[in-house]
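Below is one structure, written out as structure tokens, with a few remarks after it.
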Amino acid sequence: MIALVASITALLLSTLVLMVGSGLLGTLLSVRLAAEAFPADVTGAVMAAYFAGLMLGALGAGAVIRRAGHVRAFAVFAAVATAAALVHGLYIDAWVWGGLRIVTGFSIAGLYMVIESWLNERASSGNRGRLFSLYQIASYLGLGAGQFLLPLRPVEGTELFMITAAILALCLVPVSLTRAIHPTPPQRHRLALRAVFTSSRMGVLLCVAAGVVNGAAFALAPVFVVAFAGVQSVSVFMGAMILGGMLLQYPIGQLSDRFDRRLLIVVVNAALLAVSGLLLAVTGAGLVLLAAVAALYGGLTFTLYPLAVAHINDRLGARGDVDFVGVAAALLFLWGIGAALGPVLVGGLMARVGPEGLFLAVAGVTAAMALYALIARGEQVPAKEQSAFVSMARTTSVISELDPRAREIDPQLDWIEELARADASADEATPSTQEASREAA
Numbered sequence: 001m002i003a004l005v006a007s008i009t010a011l012l013l014s015t016l017v018l019m020v021g022s023g024l025l026g027t028l029l030s031v032r033l034a035a036e037a038f039p040a041d042v043t044g045a046v047m048a049a050y051f052a053g054l055m056l057g058a059l060g061a062g063a064v065i066r067r068a069g070h071v072r073a074f075a076v077f078a079a080v081a082t083a084a085a086l087v088h089g090l091y092i093d094a095w096v097w098g099g100l101r102i103v104t105g106f107s108i109a110g111l112y113m114v115i116e117s118w119l120n121e122r123a124s125s126g127n128r129g130r131l132f133s134l135y136q137i138a139s140y141l142g143l144g145a146g147q148f149l150l151p152l153r154p155v156e157g158t159e160l161f162m163i164t165a166a167i168l169a170l171c172l173v174p175v176s177l178t179r180a181i182h183p184t185p186p187q188r189h190r191l192a193l194r195a196v197f198t199s200s201r202m203g204v205l206l207c208v209a210a211g212v213v214n215g216a217a218f219a220l221a222p223v224f225v226v227a228f229a230g231v232q233s234v235s236v237f238m239g240a241m242i243l244g245g246m247l248l249q250y251p252i253g254q255l256s257d258r259f260d261r262r263l264l265i266v267v268v269n270a271a272l273l274a275v276s277g278l279l280l281a282v283t284g285a286g287l288v289l290l291a292a293v294a295a296l297y298g299g300l301t302f303t304l305y306p307l308a309v310a311h312i313n314d315r316l317g318a319r320g321d322v323d324f325v326g327v328a329a330a331l332l333f334l335w336g337i338g339a340a341l342g343p344v345l346v347g348g349l350m351a352r353v354g355p356e357g358l359f360l361a362v363a364g365v366t367a368a369m370a371l372y373a374l375i376a377r378g379e380q381v382p383a384k385e386q387s388a389f390v391s392m393a394r395t396t397s398v399i400s401e402l403d404p405r406a407r408e409i410d411p412q413l414d415w416i417e418e419l420a421r422a423d424a425s426a427d428e429a430t431p432s433t434q435e436a437s438r439e440a441a
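One point on numbering: in the UniProt record's numbering, the residue at position 153 of the sequence shown is 153, and numbering is uninterrupted.
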């Protein structure tokens with residue numbers, strides 16, 4: 001285990017630093033928009049632009065990496081994200097910020113793709129699950145830690161944008177200093193939307209619903225907290241929500257693997273309905289209780305997408321013609337649609353009914369999903385035949401190649417990976433072969 005961690009330390013550090021900067025910037029913008037008296041629907045639209053950029057990056061950043069190479073592409077994406085963070089402080093304008101959020105989302109997706117490609121190169125059948133877990137831990141810890149940098153400076157100034165830019169620039173350092181071989185460029189995979197839609201309508205709806213709930217929470221929860229508990233409470237609330245999401249992944253995953261997954265989907269959505277109501281009830285009860293309920297909320301809401309992925313994999317597991325990465329890309333695309341729509345729709349509701357509209361909307365979405373999952377018909381998959389629950393990163397489809405379930409559902413990934421590595425070795429050997437030929441001549 002120590003040797004594994006040592007071999008990917010640079011990549012994990014870059015992931016950690018990247019997520020610190022990304023987490024701080026997202027929360028800062030939401031709070032700053034509220035401080036500038038922008039209505040909630042405008043805030044939601046600006047914050048939704050990030051998820052639109054993330055989707056575009058997941059689809060298009062691979063072309064940049066294939067053209068420029070991993071190190072240069074990483075430098076380009078980090079430089080663009082850094083510049084975008086600085087420009088936020090120069091222009092307090094919703095249209096400008098919306099455009100910058102698209103640019104930031106695209107750049108962050110590119111950074112994810114480079115890191116995940118490198119991690120894939122390090123993965124083997126013996127360490128894939130542990131490596132995947134380490135990446136998830138680094139992501140959650142970085143995202144959670146970034147929230148606690150918010151109180152360092154007043155949100156009304158430009159200093160926090162400068163701090164964010166510095167952090168995003170620092171994610172370059174570990175990758176730039178690594179001596180690891182350059183990974184093979186990310187492969188092109190078609191979105192396997194047809195396979196996903198024909199496998200489970202409930203899984204598709206749950207992916208979109210998870211995106212709506214997750215996107216709205218990240219974009220608008222700071223607005224809710226500012227209204228009821230003040231700016232000073234935002235970092236604690238958001239940090240508790242994210243770290244709670246990390247801690248509850250394992251126990252819910254264990255339940256998911258042992259019992260009927262469709263029943264657990266009902267239970268988790270019903271629990272989210274109850275916790276959403278509880279959050280509305282404890283707004284004036286003190287920060288400790290509010291943070292505790294936020295942690296429970298995060299623990300439940302961050303399992304919606306992994307549950308949807310696991311449910312669809314249950315349906316696809318018996319088929320031998322499944323492109324696992326194509327399926328993962330399709331599911332991420334569906335989640336991204338929900339994440340982009342969520343802040344817009346929920347922000348519109350908040351503009352009309354007030355900050356409590358956030359968790360009223362979450363309650364409505366989760367109630368509808370619980371009811372649909374309860375009455376949906378279809379053949380149940382026995383618990384022993386279910387695919388394993390795995391905590392999923394909502395980054396790019398490249399990370400799905402690290403998913404330990406990939407080899408179970410799509411065995412072709414093993415020989416594809418070996419072929420790609422062989423091609424990379426041949427490419428590295430070509431220059432030396434040509435040089436030897438010239439010397440012989």
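Positions of the beta carbon are idealized from the N, C-alpha and C atoms, including for glycine.
query, result
"Own chain, CB closer than 7 Å to Ala78, minus 5 neighbours either side, in chain order", "Leu111, Leu168, Ala169, Cys171, Leu172"
"As assigned by DSSP and simplified to three states, the class of Thr303", "coil"
"Delimiting residues of the alpha helix (DSSP H) encompassing Asp260", "No alpha helix (DSSP H) contains Asp260, which DSSP labels as neither H nor E."
"Alpha carbon of Gly211 to alpha carbon of Thr303, nearest angstrom", "11 Å"
"With 16 other Cβ atoms within 10 Å as the buried cut-off, status of Gly338", "buried"
"Within 8 Å, strictly: CB atoms of Gly347 and Thr43", "yes"
"As assigned by DSSP and simplified to three states, the class of Ile8", "coil"
"Contact under 8 Å by Cβ, Gly53 with Arg122", "no"
"Nearest residue (CA-CA) to Val234, options Ser199, Trp95, Ile265, Val288", "Val288"
"Distance between Gly99 and Gly253 (C-alpha atoms, nearest Å)", "37 Å"
"Buried/exposed call for Tyr250, threshold 16 Cβ in 10 Å", "exposed"
"Selected residue, minimal CA-CA separation from His70, among Gly326, Leu205, Ser176", "Ser176"
"Ala109, enclosing alpha helix (DSSP H) - first and last residue", "94-122"
"Through-space distance from Val87 to Leu255, alpha-carbon basis", "46 Å"
"Inter-stretch contact at 8 Å, needing at least 3 Cβ pairs: the segment 54-66 / the segment 14-22", "no"
"Leu280 versus Pro39: straight-line alpha-carbon distance, rounded", "20 Å"
"Gly336 versus Gly157 - alpha carbon distance", "31 Å"
"Environment of Pro382 [buried if 16+ CB atoms lie within 10 Å]", "Interpretation of Pro382 is limited by its pLDDT of 49, a score under 50 that renders its predicted location unreliable; no figure is taken from the coordinates."
"Cα-Cα separation, Ala6 to Leu134", "12 Å"
"Where the alpha helix (DSSP H) containing Cys207 begins and where it ends", "201-229"
"Validate contact between the segment 192-200 and the segment 255-265 using beta carbons, cut 8 Å, 3 pairs", "no"
"Cα-Cα separation between Gly239 and Gly144, rounded to whole angstroms", "5 Å"
"Rounded straight-line distance, which links the Cα of Val226 to that of Gly342", "20 Å"
"Burial state of Trp95, where buried means 16 or more other Cβ atoms lie within 10 Å", "exposed"
"Where Val20 falls, given that 16 or more other Cβ within 10 Å makes a residue buried", "buried"
"Residue of Leu360, Thr301, Leu18, Leu33 minimising C-alpha distance to Val155", "Leu33"
"Cut-off 6 Å between Cβ atoms - residues of its own chain near Thr9, not counting five sequence neighbours on either side", "none"
"Through-space distance from Ala81 to Leu18, alpha-carbon basis", "10 Å"
"Inter-residue spacing [alpha-carbon to alpha-carbon] between Arg407 and Val268", "Because Arg407 sits at a pLDDT of 47, beneath the cut-off of 50, its placement in the model cannot be relied upon, and the point is left open."
"Pro355 - DSSP class collapsed to helix/strand/coil", "coil"
"Endpoints, alpha helix (DSSP H) assigned at Pro174", "172-177"
"Burial state of Glu116, where buried means 16 or more other Cβ atoms lie within 10 Å", "buried"
"Alpha carbon of Ala73 to alpha carbon of Ile108, nearest angstrom", "12 Å"
"Residue nearest to Ala328 in terms of C-alpha spacing, selected from Tyr50, Ala195, Val223", "Ala195"
"Which listed residue (Met246, Asp93, Leu90, Arg179) has its alpha carbon closest to that of Pro306", "Met246"
"Secondary structure of Arg153, DSSP reduced to three states", "coil"
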